[in-house]
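Engineer: Quick one: this structure, given as structure tokens, is what I'll be asking you about.
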Amino acid sequence: MTVQSISVRVLSKRIKAPGIAAYTLGAEGGQVLPDYAAGAHIDVKLPNGLIRQYSLCGDRADPATYEIGVLRDGAGRGGSAYLHDTVREGDLLEIGEPRNLFPLTPARHSVLLAGGIGITPLLAMARSLATSGSSFEFHYFVRSEDRAAYWDTLSRLAPDEALYLHVGERIPASFAVARVLGAPSPDTHLYTCGPNPFMDAVLDLARSAGWDAANLHSERFAAVTGGDDQPFELELAASGKVVQVSADQTAAEALALAGVRLPLSCEQGICGTCLTTVLAGVPDHRDSYLSEDERLANDCFTPCRSRARTPRLTINL
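If you want our numbering, it's the 1-based position in the sequence shown plus 23.
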């Protein structure tokens, strides 16, 4: 998979909240950047070799710039720390063209629930909905008021009655589910983004309240964690070669050691870059990329994160 690379300069770097910085990126010479729809993200290719995905959250009124918001994640793998500690205004970065795995669906009403840095794709959605005059409400959950990044921007996009800032609350028990989710309606869609436990709680509560799965939309920034991992085998259909995957390595790592290089990007089961066809066996899906129907088909998996429920998977390599 070949991804078009774009050289951009960091035009500005601004602190939006403790641990959260906003980066405005512009193409050299002020050229127009590829257009995108709300919910899209870009790959950011860092000078240290890391590739990370960040949601686009800026104002498309300026087609020559992109904006991303980055949380410095101390438990991460170094991408956000590099951006926070090393990247400065004026630096050059390489990015990929926008991709959208989290699009808005036309609806009578949209409910947006953001937890922490999960505001970034939902902010783009709020911009789009406000511009089109569509009905929406925005619920933003933060640990403290000073962590409400982009709240000032949101306040300019929508009337007060459409915006709800929930400070220090944890979603499952601390306030009425009906107050946020309301009664399910075929013309209302819910979007959520944030830490995995937050989104799991939102989606579980919505399902319990009777929301249809087709009306629930989410995007994850971190991989879904698995249980007790077991070793398994990968059979490469083209050669018949069998690769052993130990309990403490990913399928992608095992393939790389065997001399099989896959296209990789996020290595978190989020972007779909490494998606590989499964010809036999049953995958143990650990990704956040495939839909429920695609998972049930069991005809592909993400080697960077997913494993096997059967002793062997035969894959189209």
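We treat Cβ as the ideally placed atom computed from N, Cα and C, and that holds for glycine.
If you're wondering where the values come from, they're calculated on a predicted model, not measured in any experiment.
(1) How would you label R75, buried or exposed, when you count the other beta carbons within 10 angstroms and need 16 or more for buried?
(2) Quick test of your reading: A153 and T211, contact by CB under 8 Å. State the CB separation rounded to the nearest angstrom.
(3) I need the boundaries of the alpha helix (DSSP H) containing A274, first residue and last residue.
(4) When the Cα atoms are used, what is the spatial distance from A331 to A303?
(5) May I have the straight-line CA-CA distance separating A229 from E290, to the nearest angstrom?
(6) With R37 as the anchor, note down where its alpha helix (DSSP H) starts and where it stops.
(7) Tell me whether A229 sits in a helix, a strand or coil according to DSSP, three-state version.
(8) Looking at the secondary structure, which residues open and close the alpha helix (DSSP H) in which Y105 lies?
(9) Can you say whether K264 is buried or exposed, counting buried as having 16 or more other CB atoms within 10 angstroms of its CB?
(10) If we ignore side chains and look at the alpha-carbon of each, how far apart do L259 and L340 end up?
(11) What span of residues does the beta strand (DSSP E) with A303 cover, start to end?
(12) Name the residue from G191, G101, T88, R122 whose alpha carbon lies nearest to the alpha carbon of Y163.
(13) Starting from the Cα of V93, find the closest Cα among R83, R122, A40, L186 and give me that residue.
(14) Quick check on P306: buried or exposed, where buried means 16 or more other Cβ atoms within 10 Å of its Cβ?
(15) What are the boundary residues of the beta strand (DSSP E) that I91 is part of?
Structural biologist: Taking the definition as stated:
(1) Looking at its Cβ environment, which holds 16 or more other Cβ atoms inside 10 Å, R75 is buried.
(2) That belief does not hold up - the Cβ atoms of A153 and T211 are roughly 17 Å apart, past 8 Å.
(3) From DSSP, the alpha helix (DSSP H) with A274 extends over 274-280.
(4) Note on geometry: alpha-carbon atoms of A331 and A303 lie some 11 Å from one another.
(5) A229 and E290 have their C-alpha atoms roughly 29 Å apart.
(6) Premise fails: R37 lies in the beta strand (DSSP E), 28-40, not in any alpha helix (DSSP H).
(7) A229: helix per DSSP, three-state reduction.
(8) 102-108 is the span of the alpha helix (DSSP H), which, as asked, contains Y105.
(9) Around the beta carbon of K264, fewer than 16 other beta carbons sit within 10 angstroms, so the residue counts as exposed.
(10) Distance from the CA of L259 to the CA of L340, rounded to the nearest whole angstrom, comes to 5 Å.
(11) Element bounds for A303: 299-303.
(12) It is G191 whose Cα lies nearest to the Cα of Y163.
(13) Of all alpha-carbon atoms in R83, R122, A40, L186, the one lying nearest the alpha-carbon of V93 is that of A40.
(14) With 16 or more neighbouring CB atoms inside 10 Å of its own CB, P306 falls in the buried class.
(15) Counting along the chain, the unbroken beta strand (DSSP E) around I91 starts and ends at 88-94.
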